[in-house]
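Before any comments, here is the structure.
Number of protein chains: 2
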Amino acid sequence: MSDGSIDQSLTSWVESTGGETDFPIQNLPLGIFSESKGRRRPGVAIGDYILDLPAVIDLLDEGWREDLTQPVLNAWLSRGQGAQRELRLRLAELLSDARYRDDVEAQLIGRSEVRMHVPCLIGDYTDFYVGIHHATNVGKQFRPDNPLLPNYKYVPIGYHGRASSVRASGEDVIRPSGQRKAPDADLPEYGPSRRLDYELELGIWVGSGNELGQPIPIGEASEHIAGYSLLNDWSARDLQAWEYQPLGPFLSKSFLTSVSPWIVTPDALRPFRNRLPSRPAGDPQPLPYLDDPADRETGGLCIQLEVTLVTDAMRAAGMQPHVLSRGSADTAMYWSAAQIVAHHSSNGCNLQPGDLIGTGTLSTDNDEGLGSLLEISRGGKQPIQLPTGEERSFLEDGDEIVLRAWCESEGAVRIGFGECVGRVVSAA
Amino acid sequence: MSDGSIDQSLTSWVESTGGETDFPIQNLPLGIFSESKGRRRPGVAIGDYILDLPAVIDLLDEGWREDLTQPVLNAWLSRGQGAQRELRLRLAELLSDARYRDDVEAQLIGRSEVRMHVPCLIGDYTDFYVGIHHATNVGKQFRPDNPLLPNYKYVPIGYHGRASSVRASGEDVIRPSGQRKAPDADLPEYGPSRRLDYELELGIWVGSGNELGQPIPIGEASEHIAGYSLLNDWSARDLQAWEYQPLGPFLSKSFLTSVSPWIVTPDALRPFRNRLPSRPAGDPQPLPYLDDPADRETGGLCIQLEVTLVTDAMRAAGMQPHVLSRGSADTAMYWSAAQIVAHHSSNGCNLQPGDLIGTGTLSTDNDEGLGSLLEISRGGKQPIQLPTGEERSFLEDGDEIVLRAWCESEGAVRIGFGECVGRVVSAA
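Structure follows, in C-alpha cells:
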C-alpha cells in the first residue's frame with residue numbers, strides 16, 4: 001500500500017459503506033465541516049458519516065495536531081502528498097480494523113447533520129479552458145468554419161478568476177446584474193442577467209506550492225496536486241458577451257463559483273487513471289515543458305460526470321430531476337491536470353497550497369454530455385423541453401443545478417465526489 | 001479637521017519634513033515594515049523616518065491595539081475610513097505637538113534602515129484598463145482606424161489578476177519564460193521573454209468590503225477606498241500576444257506585479273482632487289449605476305507620474321536615470337476610482353479589505369507621458385536612444401525601472417507616494 005492505494009477488497013466496519021455510496025473506504029476525501037454551533041474543522045467522509053479528525057488526533061500522529069485542527073486545510077495540504085498518503089493509510093486502518101471501532105465510532109457524525117465549507121482559504125483561483133469540445137462548441141457560435149483559435153492546441157488556455165466569491169455547494173446563486181446589450185439594441189443597459197448559465201468543471205486543489213520564479217517541471221507537477229472537486233463556474237452570458245473584449249471574462253463570472261466540498265485525492269483516483277487520449281492526426285505534440293512520459297500513461301481522469309436540473313414547477317409536482325448531460329472527463333480534456341499545473345507555473349508564477357484551479361467546461365464530442373446551457377440550447381436558439389412543458393434556454397429563478405461525479409472500473413470499488421448544488425434566486 | 005484634512009500650515013517637529021520630502025505631516029501613509037530581525041508591523045511615514053505604530057499604541061487608542069499590531073493592514077483597513085481618519089488626526093497631533101516629542105521621537109526609525117512589505121494580505125488582485133490613451137495607443141497597433149472597442153466607453157474594462165505574485169517595491173524582476181511565436185514563425189517555442197515591459201499604474205487598496213450579492217452603490221464607493229499606491233504591472237508582450245485570445249492576459253502578467261509600499265489616503269489626496277475631465281463631445285454619459293454628482297466634482301486624481309530607466313551601462317558610468325515619461329493621472333483615467341469600485345461590485349462580487357485594484361496603464365494623450373515601452377517604442381518599431389548609445393525597445397537584463405508619483409497644488413504642501421522599483425534579472 002506504499003503508493004497510497006487502499007486494497008480493493010478492504011471493507012469498513014462503518015455501516016452504509018457497502019452499497020452505492022460515494023464514500024467507501026477506498027475514497028476517504030477530506031473536507032471542512034461544522035456542526036450547528038461548532039467550529040470549522042477537518043473531517044473525512046466515510047459512507048453516510050464524517051469522521052471528526054481533531055477528535056481522533058490521538059489515534060493519528062501528534063505531529064499533525066496543529067495542521068489538522070485548523071478551520072481550513074491549507075497548512076495540511078502544504079505538507080505534500082507524502083503526509084496525505086500517511087494519513088489516508090492510517091484512516092483506512094482505523095476504519096477497517098475492529099480493534100479501533102469503539103474509539104473511532106464515537107467520533108462519527110451523520111453527514112446530514114453537518115454543514116460543509118470551502119475546504120481551503122483560496123489564495124488564487126484560476127480557470128482553464130481545456131475542454132476542447134466545449135471550446136469548439138462555443139467557438140462555432142462565433143466562427144463556424146474555424147472554431148478553435150490558432151493557440152489552442154499549443155497553449156493550455158487559462159485566466160485568473162475571483163477567489164472571494166468561491167463558495168461551497170449549497171450556496172444560493174443570486175442572479176447577477178450587469179451591463180448587457182442585445183445585438184439589435186443601440187445602447188447597453190444595466191439590469192439582471194437574462195442569460196444565466198452553469199458550467200460543469202473539475203476543480204484542482206494545489207497541495208505543495210512553488211517559489212516565485214521557480215517553474216514546476218512537468219515531471220513533478222502531479223505531486224503538487226492535492227486532489228479534485230466538482231466546480232460550477234456560473235456564468236452570465238449576456239454580461240460576458242458585452243464585457244469580454246479585449247481582456248476576457250470578468251463580472252460575468254465573479255458573482256459566484258461553487259465547489260463540492262470534498263477533496264478527492266489522486267491516490268483514490270489511481271484505479272481510474274488511464275492513458276491520455278491520443279491527439280487527432282495533424283495535431284501538434286505538446287512542447288517539451290508540457291510533455292511527460294508518466295503523465296501520458298496515467299494523466300487521463302476517467303471520471304463520470306452528470307448534470308441535472310429541477311425547476312420550481314418540477315419540484316412542486318414531485319418530479320425527478322431532468323438529466324441535462326452525462327459524460328466523462330478524460331476524453332473531454334485536451335490537457336491533463338499535470339500539464340495545467342506545469343503551464344501555470346511555467347513563467348515562474350508561484351502556486352500556493354489551497355489554490356483552486358478549474359479545468360474549464362467539460363463537454364463530450366456528442367450531444368449527450370454538453371457542459372453548459374449555452375451549448376445545449378445552441379446559444380439560446382434551441383430551448384430544451386422539460387417534462388412540465390416548460391422550456392429553458394438559460395436558468396430561471398428557482399432552478400436548481402446539481403453536478404455529480406463518480407468513478408467506476410472493472411475490479412475497483414466505485415467512488416464518488418458528492419454533489420455540487422446551486423439554486424438560482426432573484427436579483428438583489 | 002473633521003473630514004480628515006490636516007491643516008496646510010501644520011509643521012512637524014520631525015527633522016527632514018520641511019523640504020521636498022514625499023512624506024510631510026500632511027501625508028501620513030501607512031505601511032508594513034520590518035527591521036533586520038524584527039517582526040512585520042505597521043508604521044507611518046514621516047520625512048526620512050517611519051514611526052513604529054505598535055510602539056506608540058499607548059498614545060493612540062487601546063481599542064486599536066489588536067489591529068495595529070498585525071503583520072498586515074487588512075484588519076485595520078476593514079474598519080473603514082472613520083477609524084483611518086481618527087488615527088490620521090491623532091498622528092498629526094503627536095507629530096506636531098512638542099509635548100509628545102520625547103515619547104514619540106524614541107520610536108522613529110530611519111526609513112533606510114527598514115524593509116518595506118506588501119501592506120496587506122491580498123485576497124484578490126484585479127487590474128482595470130481605464131487609461132483611455134493607453135487603450136487607444138495599444139488598440140491602434142492592432143486596429144489603426146478603430147482603436148477602441150465598442151464597449152470601452154460604457155464598461156470600465158477589467159480582469160482578474162494574480163494575487164500571489166504581487167510584491168513590494170525592490171523585488172527583482174526575474175525574466176519570465178513562456179510560449180512565444182514570432183509573426184513569421186511557423187510554430188511557437190518556449191523560452192525567456194524577448195519583449196519584457198513595464199506598465200505604469202496606480203493601485204487602489206480596498207478598505208471596508210461588501211457582502212456577496214450586495215453591490216456597492218456609486219455614491220458609497222469612495223468610502224470603500226483605503227488609499228492608493230504606485231503599481232507596476234510587468235508584462236511579457238510576446239507571451240501576451242500569443243496567449244491572450246480568447247480569455248485575456250494570463251502568464252504574460254502573473255510572474256510579478258510590484259507595488260509601492262505606502263498607502264496614500266484619500267484624505268491626504270483631498271487638496272489634489274478635481275472635477276472628472278469632461279467627456280469628449282459624442283461620448284456617452286456613464287450609466288446611472290456609475291454616475292454620481294459628488295464623484296463628478298472630486299473624482300479626478302491630480303497625481304503627477306514619472307518613470308525612469310537606468311541600464312547596467314548607465315549605472316557603471318554613473319549617469320542620471322533616463323526619464324521615460326511624465327504625466328498626470330487625472331486626464332489619463334476615463335473612469336474614476338469610485339466608478340471602478342462600483343462597477344467591480346455591480347454584479348454582487350464581494351470586495352474584501354486589503355484587495356488590490358490596478359487602474360491599468362496611465363498614459364497621456366501626447367508622447368511625453370506614455371506608460372509602457374510598448375507605446376514608447378511603437379511596438380518595438382522605434383527603439384529609444386539612451387545617453388550611453390544603447391537602444392531599448394523592451395527591457396534588457398540589468399535594467400531598473402523606477403515609478404514615482406507626487407501631488408502639487410497652489411496653497412497645498414507637496415506630498416509623494418515614494419518609489420516603485422524593480423530591476424530585471426536573467427531568466428531562472
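Chains as they are written, first to last, in full-length UniProt numbering: chain P, 1 to 428; chain H, 1 to 428.
Cβ coordinates follow ideal geometry from the N, Cα and C atoms, glycine included.
Report buried or exposed for P:Q179, applying the criterion of at least 16 other Cβ atoms within 10 angstroms of its Cβ. buried
Grab the span of the alpha helix (DSSP H) containing H:S84 for me, first residue to last. Note on identity: in this sequence residue 84 of chain H is Gln, with Ser being the wrong assignment. Looking at the DSSP string, the run of the alpha helix (DSSP H) that includes H:Q84 is Q81 to S96.
Which class does P:L149 belong to by DSSP, given the choice of helix, strand or coil? coil
Tell me the start and end of each unbroken alpha helix (DSSP H) in the segment 239–326 of chain H that is at least 4 residues and wholly inside, in chain order. 266–269, 293–298 and 312–316
Going by DSSP in three states, H:E361 sits in which element: helix, strand or coil? At residue 361 of chain H the sequence reads Thr, which differs from the Glu that was named. It is coil, neither helix nor strand.
Can you give me the Cβ contacts of H:K181 inside the same chain, cut-off strictly under 6 Å, excluding the 5 residues immediately before and after it? P188 and W242
Less than 7 Å between CB atoms is the rule here; does P:D124 satisfy it with respect to chain H? yes
Can you pull the chain H residues whose beta carbon is under 8 Å from the beta carbon of P:I174, in chain order? L212, G213 and G348
Taking its Cβ as the centre, do 16 or more other Cβ atoms sit within 10 Å of H:E171, making it buried, or is it exposed? buried
In the structure shown, what three-state DSSP assignment does P:R65 receive? coil
When the cut-off is 7 Å and only beta carbons count, does H:R143 lie next to chain P? no
How big is the Cα-Cα spacing for H:S336 and H:V155? 12 Å
Applying the 10 Å Cβ sphere with the 16-neighbour rule, what's the burial state of H:M1? Its pLDDT being 42, under 50, H:M1 is placed unreliably by the model, and nothing is read from it.
For P:Q240, does the count of other Cβ atoms within 10 angstroms reach 16, so buried, or fall short, so exposed? buried
Which complete beta strand (DSSP E) runs does the segment 338–389 of chain H hold, if anything under 3 residues is left out? 356–358
Could you confirm whether any beta carbon from chain P is found closer than 7 Å to the beta carbon of H:F394? no
Buried or exposed (CB count within 10 angstroms, at least 16 for buried), H:D399: buried
Tell me whether the segment 195–204 of chain H and the segment 288–308 of chain P touch, counting them as touching only if at least three CB pairs, one residue from each stretch, are closer than 8 Å. no
Considering Cα atoms alone, identify which of H:R65, H:K153 and H:A75 is closest to H:S208. H:A75
Do H:K140 and H:D283 have their C-beta atoms within less than 7 Å of each other? no
Where the alpha helix (DSSP H) through P:L77 begins and ends: N74 to L77
Count the other CB atoms, across all protein chains shown, that sit within 10 Å of the CB of P:G4; report buried if there are 16 or more and exposed otherwise. buried
Would you mind sorting H:A83 into buried or exposed? The rule is 16 or more other CB atoms within 10 Å of its CB. buried
Between H:G360 and H:G131, how many whole angstroms is the CB-CB distance? I'm expecting something under 8 Å. 5 Å
Buried or exposed: which applies to P:K253, given that a residue is buried once 16 or more other Cβ atoms fall within 10 Å of its Cβ? buried
Based on the DSSP secondary-structure assignment, which residues constitute the bridge partners of H:H160? H:T126
Please compile the residues from chain P whose C-beta is within a distance smaller than 8 Å of the C-beta of H:A281. None at all; the shortest Cβ gap to chain P is about 17 Å.
Between the segment 90–97 of chain H and the segment 50–63 of chain H, are three or more C-beta pairs nearer than 8 Å? yes
Going along chain P in order, which residues have a C-beta closer than 9 Å to the C-beta of H:I157? E243, Q245, P246, L247 and F250
Taking C-beta to C-beta, are P:G43 and P:L231 nearer than 7 Å? no
Any Cβ of chain H within less than 7 Å of the Cβ of P:Q179? yes
For P:Y334, would you say it is in contact with chain H, using Cβ-to-Cβ distances shorter than 7 Å as the test? no
Which residue wins for smallest C-alpha separation from P:H322, given the options P:T388, P:I109, P:W234 and P:L212? P:T388
Give the straight-line distance between the Cα atoms of P:D97 and P:P383, rounded to the nearest whole angstrom. 53 Å
Using the beta-carbon count (16 or more within 10 Å), is P:S229 buried or exposed? buried
DSSP beta-bridge partners of P:F33: P:R41 and P:M116
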